[in-house]
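Structure, as structure tokens:
Residue numbers (the numbering used here): 119 to 1192.
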């Protein structure tokens, strides 16, 4: 049986290969993934594999067929129910049909769209080979010869070939046939040939023909035919051959592994633990260049990866690697449970208890300049020199048997790091450094010898350095360390010392100072197990989860402040093909071999890569929405449209046809007709929509692969959700027609009933008309009476308006009379202070001074004149005082008389004042709003706490004047306080049968002696005040049977004015006004 991917590359038109398996890599370096029955295969034995033009893989097994998208194996849902027992031997695709050859059941055709499986009658039960010619004819290699034809019509050809035909291959106009008797060739260049040319007398299972050579694999090995000669180039039995896109020849053997021929050099993939030692039955190369191997114990995938691996699968004794060191063409690997492995040009050598290395676990390895291999274990130190193994323990002078670190210094001494300190092996004896000798801590994690010959040592509790005579250590953050848990030490090309820490990122030691970089600056992790540089001056680091690298110049820029972040390129993280679980914590940890490749220890084996190689660019993943039968959707095909019932959820399943990290593909969906944006489905490969409204929808699906590359084109599927019958246009039209007919019938019935009612009403109208005429006459009389009442109300309103005007005028005149009264009082006080005896007393005083000789007026005439002037001045002062007193008495009489007149007129005006039901809360709000600008201008905050729906039947104008006076007095008191936090609180609430209005301020306040006079007529605390406002307010409140009260805690402590307005009208008021 043979299948060659090179023959079906035409199926992937428009899907050219991006890259294949790198032929420069060793065959052991490819990433290998195995699939078995636990992953969903129908049977553990895989017998055939093919990739169809829709990019799905089809897997043939001894128990039937399966479709594979990289994540899930699915069995076809249509056709023969007994296909699970079929032994699939061969595949071939023709348009949308997949042809299946079986052993025991003949030939089947599978429709790739509907998965309908149909058996063909060909006259044979076993089909071993299928080959499609360019003319559309399918050639079959069967148990008893060759058959050719199309669906439903098959003919046997070349009757002389009546034996089992195991392989067929068309090349140009030649048909190559491999059978038990040998390799035959039929020449069709001149027409249908009569007989074949025998090229090889060996049982042939596979054939691969190129333009220059022919390869034939059979029971006795692999043969190359050239110029009529056959040369055996491999001895193991070969079951299949494949020529990949790079021209490499792959050969699957019967039980000796997988072979690859590259540039005439053979390499083989097999070992004592590998599945490649099983029978390899078929080979296939997919559209991404992955190689698929059908073996007797499962399906195997080989793919290229930037990171290659060595593990128990390809030669190592264990997958858990602790330490790697490379030198002089050898790579030493210390493992957990697998002792020591040494890789050289001869292969992989195992050193364990049988070879003298007693411990099964090697934690640290080192190859010194003498080519000796040192191995540190949990029970001592081993030295491998040639075939001899020497063990050193505590009895030999070693400080402790648990060894984590090894290094050879420039003098040839070997430094050993243990759990209790350091031992130095020099001249076949040990020199020990314990904690008390100056080292930073007992548990040693890393070594590094710098260019000056100093030995740097990292511990669990700090860093120390030995200069040949003494130790210096750093153990805490106060000395500059970002973390005292040192995991690696590295010296760069400029002589700077770099530290990898556990939790503190990396540190650079330069000029006696530590500087650190962590995840806040762009590092993927703050745990760094090792550091080393490549020829491009990039520093490579590793953490638990990934390997990453950064340009050293960027790191220096961050440390110098020229940049805030460093860009790191990550390998092996959760988005990569190959996840990395780095071990670390020992020295040496990673290594560089003689070819410049970096080796890393992990829990999955030893990973290695070329640091100068470019990370491969990933291909956009094509997406596919599975067919309705395949996904078991409740869809129906109606008039050529995919339809889903409205009362059932629509579930869509989709996939991305990529086989590189397929489980890390993310999907995005959008349902046109419902969604306005893309929805992130994560790794889920299905989406369900329920209760979709009737209409036409189109589902769009796109994918993003592990490298972040998005699909070029989204997969699409259109479907229809039909309406229920009562949602259709014809049903609604019928319903409207029925409603119209019923409405018409009801209308006619109502018209008839209305006509009968009209006749009855006309009779009743005639009877009522007479009654209405009488009532009309009565209404006319009432209207005349209302007109007369209206005239009287207008006169009353006119008088009420005049009364309000008069009250305002009298109020203003009263204010001015109060001012005159105050002025009269002041002038009278000033007149009383005039002293008329001042001149006579001054004259007596001058005489006394003269008699005593203190004052002398020489001129008698001047003296006489002075005395006369003083006497005359005193007389004038007496006359002036008398005149002023008389005039002020007369003015006082006139003011009192005018005041009595105003009070009488005021009483008259008040008696005709206008009263109505007043909403107190609305009135207060309106009055505050009128003074809002003044309040804001003076920075006075006004708080209102008003109970609503409190009404009082009171004189509107007077109550408004009282409230306005109260607000104005509070504002003036606040302004006079010169306070930065002026506050006025006005509250209104019901207290029994009255409405209590409170005006509280934090102004100047008043003393107790002032509080008792505030309502007295003419009293005012302001220099220009008239003393009429509060007096007027008190009179108004007495008039309406209300009350007013003024209180203050004292000067500078604010004041409170309380007005109580009765909620019922006063009994002595004129209640004729509404």
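The beta-carbon is built from N, C-alpha and C at its ideal position, and this holds for glycine as well.
Item to complete: May I have the straight-line CA-CA distance separating residue 499 from residue 533, to the nearest angstrom?
Response: 11 Å
Discussion item. Please report the distance separating the alpha-carbon of residue 1085 from that of residue 1119.
Written reply: 10 Å
Item to complete: For residue 817, collect the residues of the same chain with a Cβ closer than 6 Å to its Cβ; drop the 5 residues on either side in sequence, then sort them by chain order.
Response: 770, 789 and 835
Discussion item. Does the segment 717–728 come into contact with the segment 439–449, if we say contact requires no fewer than three beta-carbon pairs (one atom in each stretch) closer than 8 Å?
Written reply: yes
Discussion item. Tell me which residue opens and which closes the beta strand (DSSP E) that residue 289 is part of.
Written reply: 283–289
Worksheet item: Taking residue 530 as the reference, which of 1175, 567 and 667 has the closest Cα?
Response: 567
Discussion item. Going residue by residue through the segment 220–253, where are the continuous alpha helix (DSSP H) segments of at least 4 residues, counting only ones entirely within it?
Written reply: none
Discussion item. Check this for me: beta carbons of residue 615 and residue 646, under 9 Å apart or not?
Written reply: no
Item to complete: Classify residue 602 as helix, strand or coil using the three-state DSSP reduction.
Response: coil
Practice prompt. Determine the DSSP secondary structure at residue 1179, reduced to helix, strand or coil.
Written response: strand
Practice prompt. Would you mind reading off the limits of the beta strand (DSSP E) that contains residue 1119?
Written response: 1112–1119
Item to complete: Closer than 6 Å by C-beta to residue 456: which residues in its own chain qualify, once you throw out the five before and the five after it? Chain order, please.
Response: 435 and 436
Practice prompt. Grab me the residues of residue 470's own chain with a C-beta within less than 6 Å of its C-beta, minus the 5 sequence neighbours each way, in chain order.
Written response: 457
Fill in: Buried versus exposed call for residue 661 [16 or more other C-beta atoms within 10 Å across all chains shown]
buried
Discussion item. Beta-carbon within less than 6 Å of residue 1093's beta-carbon, same chain only, minus the 5 sequence neighbours each way: which residues are those?
Written reply: 1056
Worksheet entry | Contact the segment 780–800 vs the segment 864–882: 3+ CB pairs below 8 Å | no
Practice prompt. Flag this pair as yes or no: are the beta carbons of residue 323 and residue 336 separated by less than 9 Å?
Written response: yes
Worksheet item: Where residue 482 and residue 602 are concerned, what is the direct C-alpha to C-alpha distance, given to the nearest angstrom?
Response: 22 Å
Worksheet item: Using the beta-carbon count (16 or more within 10 Å), is residue 858 buried or exposed?
Response: exposed
Item to complete: Note the first and the last residue of the continuous beta strand (DSSP E) segment covering residue 687.
Response: 686–689
Item to complete: Let me know the secondary structure DSSP gives residue 1164 once reduced to three states.
Response: strand
Item to complete: Report the rounded CA-to-CA distance for residue 283 versus residue 332, giving the unit in angstroms.
Response: 18 Å
Worksheet item: Is residue 381 helix, strand or coil when you go by DSSP?
Response: coil
Discussion item. Give the list of continuous beta strand (DSSP E) stretches no shorter than 3 residues that lie fully inside the segment 791–835.
Written reply: 797–800, 804–807 and 813–822
Worksheet item: DSSP beta-bridge partners for residue 210?
Response: 217
Item to complete: Would you mind reading off the limits of the alpha helix (DSSP H) that contains residue 69?
Response: What the structure shows of the chain is the stretch from 119 to 1192, and residue 69 is not part of that stretch, so it cannot be assessed.
Worksheet entry | For residue 558, three-class secondary structure by DSSP | coil
Discussion item. Counting C-beta neighbours from all protein chains within 10 Å, is the total for residue 812 16 or more, i.e. buried, or is it exposed?
Written reply: exposed
Worksheet item: Secondary structure at residue 548, three-state DSSP: helix, strand or coil?
Response: strand
Worksheet item: Nearest to residue 1152 by alpha carbon, out of 1168, 1166 and 1132?
Response: 1132
Worksheet item: In whole angstroms, what separates the C-alpha of residue 1087 from that of residue 1036?
Response: 23 Å
Discussion item. Give me the DSSP bridge partner(s) of residue 192.
Written reply: 185
Worksheet item: Which word fits residue 255, buried or exposed, when buried means at least 16 other C-beta atoms lie within 10 angstroms of its C-beta?
Response: exposed
Worksheet item: For residue 776, does the count of other Cβ atoms within 10 angstroms reach 16, so buried, or fall short, so exposed?
Response: buried
Worksheet item: In the segment 602–658, which residue ranges form an unbroken beta strand (DSSP E) of at least 3 residues, counting only runs that do not cross its ends?
Response: 604–609, 615–619, 624–628, 631–635 and 648–651
Practice prompt. Give the range of the alpha helix (DSSP H) segment to which residue 1150 is assigned.
Written response: 1147–1157
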